[in-house]
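Before any comments, here is the structure.
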Amino acid sequence: MTDEIPKCVPFEGEDKELARKHVPIHENGFVKVGENKWTMPYNFLEKGPAVYNIKPRPDDTWVATYPRSGTTWTLELVWLVVNDMNFEGAKSQSLHHRFPFVDLDLIVSHYNPKESEIIDADAPKLNPEFIDSLPSPRFIKTHMPFDLLPNLLDSGCKVVYVARNPKDMVVSWYNFYKDMKELSFQGSFEDFCEYFMKDLCIYSPYWKHLKDAWAERHRPNLLYIFYEELKNDMPGTIKRVAEFFGKSYSDEQIAKLADHLQIDNFRKNPMVNSPAPKKYEALKPSLFIRQGKVGGWKELFTPELNAKFDAWIKENLKDTDFAFPVNVVQGK
696 MTDEIPKCVP FEGEDKELAR KHVPIHENGF VKVGENKWTM PYNFLEKGPA VYNIKPRPDD
756 TWVATYPRSG TTWTLELVWL VVNDMNFEGA KSQSLHHRFP FVDLDLIVSH YNPKESEIID
816 ADAPKLNPEF IDSLPSPRFI KTHMPFDLLP NLLDSGCKVV YVARNPKDMV VSWYNFYKDM
876 KELSFQGSFE DFCEYFMKDL CIYSPYWKHL KDAWAERHRP NLLYIFYEEL KNDMPGTIKR
936 VAEFFGKSYS DEQIAKLADH LQIDNFRKNP MVNSPAPKKY EALKPSLFIR QGKVGGWKEL
996 FTPELNAKFD AWIKENLKDT DFAFPVNVVQ GK
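So that you can map any letter, position 95 of the sequence shown is 790 in the working numbering, and since no number is skipped, the others follow by simple counting.
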């Protein structure tokens, strides 16, 4: 027996018009899912139930993030920590095989059936059915919010959640939305920021995504980390991840992993900076590992946009104990 997905309502009114204007390639549009009105492509109606009903296992390892929040960095870090620093193993198999993306079929290659065929015979199918068939222990990546997933935390599996400050994240998200063939955002950076703040980007609302995981951060099988911690203290973050998984490594091993994850080295690594199997040619390598800056948003934000973003951040952080490890308000 499977559970039905929450109620889905197609975009209406201004939301529908903005989506048609800025993301016209999605001919069927988008839907709002459930009480929290998560934005999903229309094909969530077809593909969503398989993700919603996937069965977590106690020995699973999941990495969950809102997109463009340091996901790929964290996947490689977690895989190597859990697998006893097996760098040779990491060099021999792509991250897409080692850490399959359970919800990829929701956003990629669903327009032209011919384009959806797997050309690479060795490529994973990258869908929930494939992931269900994997032997334990499994490593699973997702961008889904917690309430559109099975109850991971009650299953006993380990979950690492990563958050990134919205100003840097939205710069990366804009480039992804603009350059990815199956999104192809039409409009300026300012247009995209408005689109994002209206919760019209897939996987939004952004704040609800982060806060729902934050509310569970005291669970023993959830580790909540920030992109800025990865950037500013990689060795310390590696130690936290290792402790979470019950692992202990020498300073030399931690230094080796930190060097492996250093952004310039990471960008040159074909096992992590590749778009996916040939099935998903819409994803360019440049979309995955970008500059990795903290504070890079200052190069694009106008004073007017910054003021608008600051007001939006303050509104969403009031009456909450959630806080980023860097000050992102008022240009600081």
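Cβ coordinates follow ideal geometry from the N, Cα and C atoms, glycine included.
Just curious, the beta strand (DSSP E) that residue i is in, first and last residue?
{"i": "Thr-837", "result": "834–837"}
{"i": "Lys-786", "result": "Careful: Lys-786 lies outside any beta strand (DSSP E), inside the alpha helix (DSSP H) at 782–787."}
{"i": "Leu-917", "result": "917–921"}
Rounded to whole angstroms, how far is the Cβ of residue i from the Cβ of residue j, which I believe are closer than 8 Å?
{"i": "Pro-845", "j": "Pro-751", "result": "5 Å"}
{"i": "Leu-956", "j": "Leu-770", "result": "About 11 Å separates the two Cβ atoms, so there is no contact after all."}
{"i": "Tyr-761", "j": "Tyr-898", "result": "6 Å"}
{"i": "Leu-848", "j": "Leu-952", "result": "Going by Cβ atoms, the distance from Leu-848 to Leu-952 rounds to 27 Å, so no, they are not a contact pair."}
{"i": "Asp-698", "j": "Asn-738", "result": "Rounded, the Cβ-Cβ distance is 19 Å, inconsistent with contact."}
{"i": "Lys-934", "j": "Ile-949", "result": "6 Å"}
{"i": "Lys-711", "j": "Thr-766", "result": "Incorrect: roughly 29 Å between the Cβ atoms, too far for contact."}
{"i": "Phe-871", "j": "Leu-995", "result": "Wrong, their Cβ atoms sit about 14 Å apart, outside the cutoff."}
{"i": "Val-865", "j": "Gly-991", "result": "11 Å between Cβ atoms; not a contact."}
Take the Cβ of residue i as the centre, count every other Cβ of all protein chains shown within 10 Å, and call the residue buried at 16 or more, exposed below.
{"i": "His-913", "result": "exposed"}
{"i": "Ala-1018", "result": "exposed"}
{"i": "Val-967", "result": "buried"}
{"i": "Val-704", "result": "exposed"}
{"i": "Glu-923", "result": "buried"}
{"i": "Ala-1006", "result": "exposed"}
{"i": "Pro-930", "result": "exposed"}
{"i": "Gly-692", "result": "The chain is shown from 696 up to 1027; residue 692 falls before or after that span and cannot be answered."}
{"i": "Ala-908", "result": "buried"}
{"i": "Thr-734", "result": "buried"}
{"i": "Pro-753", "result": "exposed"}
{"i": "Ser-787", "result": "exposed"}
{"i": "Ile-700", "result": "buried"}
{"i": "Asp-863", "result": "buried"}
{"i": "Asn-807", "result": "Low per-residue confidence applies at Asn-807: pLDDT is 38, beneath 50, and the placement is therefore not dependable, though the value from the model is reported in the following sentence. Per the 10 Å Cβ criterion, exposed."}
{"i": "Pro-840", "result": "buried"}
{"i": "Lys-963", "result": "exposed"}
{"i": "Pro-823", "result": "buried"}
{"i": "Phe-825", "result": "exposed"}
{"i": "Pro-965", "result": "exposed"}
{"i": "Pro-795", "result": "buried"}
{"i": "Ser-764", "result": "buried"}
The alpha helix (DSSP H) spanning residue i covers which residue range?
{"i": "Thr-1030", "result": "Past the edges of the chain, shown from 696 to 1027, lies residue 1030, and the structure says nothing about it."}
{"i": "Ala-759", "result": "Careful: Ala-759 lies outside any alpha helix (DSSP H), inside the beta strand (DSSP E) at 756–760."}
{"i": "Asn-870", "result": "861–874"}
{"i": "Pro-998", "result": "998–1012"}
{"i": "His-721", "result": "Counting along the chain, His-721 falls outside any alpha helix (DSSP H), and DSSP gives it neither H nor E."}
{"i": "Val-936", "result": "929–939"}
{"i": "Ser-943", "result": "Run containing Ser-943: none; DSSP gives neither H nor E here."}
{"i": "Glu-741", "result": "739–747"}
{"i": "Met-966", "result": "First-last for Met-966: undefined, no H or E at that position."}
{"i": "Glu-889", "result": "884–892"}
{"i": "Ala-908", "result": "901–909"}
{"i": "Glu-712", "result": "708–717"}
{"i": "Leu-995", "result": "Taken as a continuous stretch (DSSP letters only), Leu-995 belongs to no alpha helix (DSSP H), as it is neither H nor E."}
{"i": "Ser-850", "result": "847–850"}
{"i": "Glu-824", "result": "823–828"}
Counting only C-beta atoms, is residue i closer than 8 Å to chain B at any point?
{"i": "Pro-1020", "result": "Any reference to chain B falls outside this structure, which holds one protein chain only."}
In the DSSP assignment, what are the bridge partners of residue i?
{"i": "Phe-1037", "result": "Any question about residue 1037 goes unanswered here, given that the chain covers just 696 to 1027."}
{"i": "Val-728", "result": "Cys-703, Trp-733"}
{"i": "Tyr-856", "result": "Ala-759, Tyr-919"}
Next on the checklist: Taking 8 Å as the cut-off, does the stretch 1003–1021 touch the stretch 898–909 (at least 3 CB pairs, one atom from each stretch)?
Outcome noted: yes
Next on the checklist: Across the stretch 792–802 and the stretch 713–724, are there enough close Cβ pairs to call them in contact, namely three or more that are closer than 8 Å?
Outcome noted: no
Checklist entry - Quick check: the stretch 842–858 against the stretch 750–765, are there 3 or more CB pairs under 8 Å? => result yes
Checklist entry - Is the number of C-beta pairs between the stretch 884–895 and the stretch 943–955 that are closer than 8 Å three or more? => result no
Checklist entry - Quick one: any contact between the stretch 699–716 and the stretch 726–735, if contact means 3 or more CB pairs under 8 Å? => result yes
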